[in-house]
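> Quick note, the sequence shown lines up with residues 34 to 178 if you use this note's numbering. I have a structure I would like to understand better, so I am pasting it below and will then ask my questions one at a time.
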Amino acid sequence: MARASPRTLNLDPNRRAIEQSWTLVGARRGRIWYARRVYHHRGSVTSVRFDGLAVLRREEARGDVLGFFHTHPDGPPRPSARDVRTMRAWCSSFGKPLLCVIASPEGLAGFRFDGGEGKSSGGLPLATIEVFPRGVVIGVEADGG
Numbered sequence: 034m035a036r037a038s039p040r041t042l043n044l045d046p047n048r049r050a051i052e053q054s055w056t057l058v059g060a061r062r063g064r065i066w067y068a069r070r071v072y073h074h075r076g077s078v079t080s081v082r083f084d085g086l087a088v089l090r091r092e093e094a095r096g097d098v099l100g101f102f103h104t105h106p107d108g109p110p111r112p113s114a115r116d117v118r119t120m121r122a123w124c125s126s127f128g129k130p131l132l133c134v135i136a137s138p139e140g141l142a143g144f145r146f147d148g149g150e151g152k153s154s155g156g157l158p159l160a161t162i163e164v165f166p167r168g169v170v171i172g173v174e175a176d177g178g
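Okay, structure coming up:
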């Protein structure tokens, strides 16, 4: 699991934070995902609402939506049951695999979702995920992923 600084992610383990979400846009080249975070939204301690219509419009106009980046301020950096349902729905809607990046005080993790019922329905963990300045995110899938 990758480490991310609390300053970079705005997660303070000493106070109860709210969930935050961003849409990831960019390109995927083989096993490598090149993205940046756009459309920042804040929510409650356990969930976040965002403008799904803006995401759909972006995908229809540019075809560059890669997935979503969000925080789990009080939990581990792995998909919740709600995350899995949501990612599968978006994959089905877009007809392509999507990236789910989750940041928490415990670390940072990325998962590829294909939208199907099979082996990857809960998301395949990426081998590497890194967050850089200006909202840039790079993820690398494991060999054979």
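Virtual Cβ for every residue (Gly too), placed ideally from N, Cα, C.
So, at 7 Å on beta carbons, what are the nonlocal neighbours of Pro109 in its own chain, with the 5 sequence-adjacent residues on each side left out?
As a working mapping, residue 109 is identified with position 76 in the sequence shown. The answer, listed in chain order, is Ser137 and Glu139.
> If Leu86 sits next to Val58, beta carbons under 8 Å apart, how far is it from one beta carbon to the other, in whole angstroms?
Reading the sequence shown from its first residue, position 53 is the one you call residue 86. Reading the sequence shown from its first residue, position 25 is the one you call residue 58. Between Val58 and Leu86 the Cβ distance is about 16 Å, and since that is not below 8 Å, they are no contact.
> Nearest to Gly76 by alpha carbon, out of Pro130, Ser54 and Leu159?
For the purposes of this step, residue 76 is taken as residue 43 along the sequence shown, with counting starting at 1. The shortest C-alpha separation from Gly76 is found at Ser54.
> What residue range does the beta strand (DSSP E) around Glu139 cover?
Your numbering for residue 139 matches position 106 in the sequence shown. No beta strand (DSSP E) contains Glu139, which DSSP labels as neither H nor E.
> By the DSSP assignment, the beta strand (DSSP E) with Val88 in it spans what residues?
Along the sequence shown, one-based indexing puts residue 88 at 55. Looking at the DSSP string, Val88 is not in any beta strand (DSSP E); the run it does join, the alpha helix (DSSP H), is Gly85 to Arg95.
> Measure from the alpha carbon of Val173 to the alpha carbon of each residue in Arg145, Ile51 and Gly155, then state which is nearest.
The residue you call residue 173 lines up with position 140 of the sequence shown. It is Arg145.
> Give every residue of the same chain whose Cβ lies closer than 8 Å to the Cβ of Asp97, excluding the five residues on either side of it in the sequence, and list them in chain order.
Taking the first residue of the sequence shown as position 1, residue 97 is located at position 64. Apart from the 5 residues on each side of it in sequence, Asp97 sits with its Cβ closer than 8 Å to the Cβ of Val58, Gly59, Ala60 and Arg91 in its chain, given in chain order.
> Per DSSP, Pro165 is paired with what?
As a position in the sequence shown, residue 165 is number 132, starting the count at 1. Sequence check: residue 165 is Phe here, not Pro. BP columns for Phe165 are empty, so no partner.
> Leaving out the 5 sequence neighbours to the left and right, which residues in its chain are closer than 7 Å to Gly155 when beta-carbon positions are compared?
Position 122 of the sequence shown, counted from the first residue, corresponds to residue 155. Counting only Cβ-Cβ distances below 7 Å, and skipping sequence neighbours, we find Pro112 and Val117.
> Rounded to the nearest angstrom, what separates Val164 and Thr104 at their Cα positions?
The residue you call residue 164 lines up with position 131 of the sequence shown. The residue you call residue 104 lines up with position 71 of the sequence shown. If you take the alpha carbons of Val164 and Thr104, they lie about 13 Å apart.
> If you follow the beta strand (DSSP E) that Arg75 is in, where does it begin and where does it stop?
Mapped onto the sequence shown, residue 75 falls at position 42. Run containing Arg75: Ile65 to Arg75, per the beta strand (DSSP E) assignment.
> What does the alpha-carbon distance come out to for the pair Leu141 and His73?
Here residue 141 refers to the residue found at position 108 when the sequence shown is read from its first residue. Here residue 73 refers to the residue found at position 40 when the sequence shown is read from its first residue. Between Leu141 and His73, the C-alpha separation is close to 18 Å.
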